[in-house]
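Colleague: Here the numbering used here is used: the first residue of the sequence shown is 315, the next is one more, and so on. Glycine is no exception: its CB is placed at the ideal position from the N, C-alpha and C atoms.
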Amino acid sequence: MLVNWEGIRAFFQTVKRPRTLLPHVKFPSFTNVPVGISSHLSNAYCRPVDIRGIVLDKDDCITVPNKNEIPNENLEKLRELQKKFGKSHILLVSNSIGSKKQDPTGEDAAHFEARWEIPVLRHSKLKPLCEQEVWDYFQRSTQIQHPSQLLFIGDRLLTDSTMANRMGAWSLWLYVGVQENSSWMNKLEGKLYQTFQPMGPILPQMNEKDK
315 MLVNWEGIRA
325 FFQTVKRPRT
335 LLPHVKFPSF
345 TNVPVGISSH
355 LSNAYCRPVD
365 IRGIVLDKDD
375 CITVPNKNEI
385 PNENLEKLRE
395 LQKKFGKSHI
405 LLVSNSIGSK
415 KQDPTGEDAA
425 HFEARWEIPV
435 LRHSKLKPLC
445 EQEVWDYFQR
455 STQIQHPSQL
465 LFIGDRLLTD
475 STMANRMGAW
485 SLWLYVGVQE
495 NSSWMNKLEG
505 KLYQTFQPMG
515 PILPQMNEKD
525 K
């Protein structure tokens with residue numbers, strides 16, 4: 315069993331700054347994510363939002379946990395987003411494939427990339443502490459200029475939303491996911507969200523060009 319010590323350390327850091335785990339928007343599942351997410355966020359926060367890239371989690375977001383099959387409805391949504399943003403602008407970041415601790419050779423990541431036509435980040439640190447490796451990818455492979463132009467989509471507040479906030483990006487929480495899960499972690503994160511949600515999320519600093 316993989317022990318995410320990075321996640322554990324980040325949890326204790328989050329205790330001091332609980333707003334760090336709060337997402338900016340939430341939807342039940344990946345199929346509910348609007349293609350026009352920039353407009354959705356702009357309307358929600360009454361400020362210009364210009365999303366140009368997406369960081370996408372894998373397990374219980376687009377696949378059943380620890381499986382590599384993408385259900386047809388999720389694949390259709392992925393293709394819609396790729397058409398909108400460009401294939402290189404949607405990056406899969408998962409602790410189960412692509413991480414050196416769980417996928418040291420990168421073979422699983424390579425197979426997933428080839429089959430589903432989506433880049434998978436190879437990262438040395440587990441989420442939520444691989445934000446620099448995420449940003450390095452977008453600087454190397456895209457014209458994205460500022461973290462506020464990124465949206466993180468994931469089912470975990472303590473990894474996906476936390477990493478987005480650490481990086482100064484936007485976050486979208488899939489609170490149901492591919493399969494409704496009643497694990498202790500889901501219950502814990504649900505309680506954390508209910509407890510801290512009235513505080514409001516940390517808003518990304520605006521790109522100078524968007525002001």
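Kindly confirm or deny that the region 445-453 and the region 354-365 touch, where touching means at least three C-beta pairs closer than 8 Å.
Modeller: No, the region 445-453 does not touch the region 354-365.
Colleague: Can you tell me which of Arg333, Leu465, Pro342 and Lys501 puts its alpha carbon nearest to the alpha carbon of Arg364?
Modeller: The sequence shown places Asp at residue 364, not Arg. It is Leu465.
Colleague: Measure from the alpha carbon of Asn382 to the alpha carbon of each residue in Gln508, Leu406, Val369 and Pro332, then state which is nearest.
Modeller: Checked all of Gln508, Leu406, Val369 and Pro332; the closest Cα to Asn382 is Leu406.
Colleague: What three-state label does DSSP hand His437 in the structure shown?
Modeller: Looking at His437 - three-state DSSP - the assignment turns out to be strand.
Colleague: Go to Lys340, then tell me how far its alpha helix (DSSP H) extends in each direction, as first and last residue.
Modeller: Premise fails: Lys340 lies in the beta strand (DSSP E), Val339 to Phe341, not in any alpha helix (DSSP H).
Colleague: Comparing alpha-carbon positions, which option in Ile368, Trp487 and Ser462 lies nearest Val349?
Modeller: Considering only alpha carbons, the answer is Ile368.
Colleague: Could you compute how far the alpha carbon of Gly412 sits from the alpha carbon of Thr456?
Modeller: Cα to Cα, Gly412 sits roughly 20 Å from Thr456.
Colleague: Restricting to Cα atoms, I'd like to know which of Asn500, Glu503 and Met477 is closest to Leu440.
Modeller: Taking only the C-alpha atoms, the option nearest Leu440 is Met477.
Colleague: Any idea what DSSP makes of Leu486, helix, strand or coil?
Modeller: If DSSP states are grouped into helix, strand and coil, Leu486 belongs with the strands.
Colleague: When the Cα of Ser485 is compared with those of Asp474, Gly491 and Gln493, which residue comes out closest?
Modeller: Ranking the options by Cα distance to Ser485, first place goes to Asp474.
Colleague: When we look at the beta-carbon of Gln493 and count the other beta-carbons within 10 Å, is it buried (16 or more) or exposed?
Modeller: So Gln493 ends up on the exposed side.
Colleague: Determine the DSSP secondary structure at Asp371, reduced to helix, strand or coil.
Modeller: DSSP places Asp371 in coil when its eight states are reduced to three.
Colleague: I'd like the span of the alpha helix (DSSP H) that includes Glu399, first residue to last.
Modeller: According to the sequence provided, residue 399 is Phe. The question's Glu does not apply to it. Looking at the DSSP string, the run of the alpha helix (DSSP H) that includes Phe399 is Asn386 to Phe399.
Colleague: Taking buried to mean at least 16 other C-beta atoms within 10 Å of its own C-beta, is Asn409 buried or exposed?
Modeller: Buried, by the Cβ-count rule.
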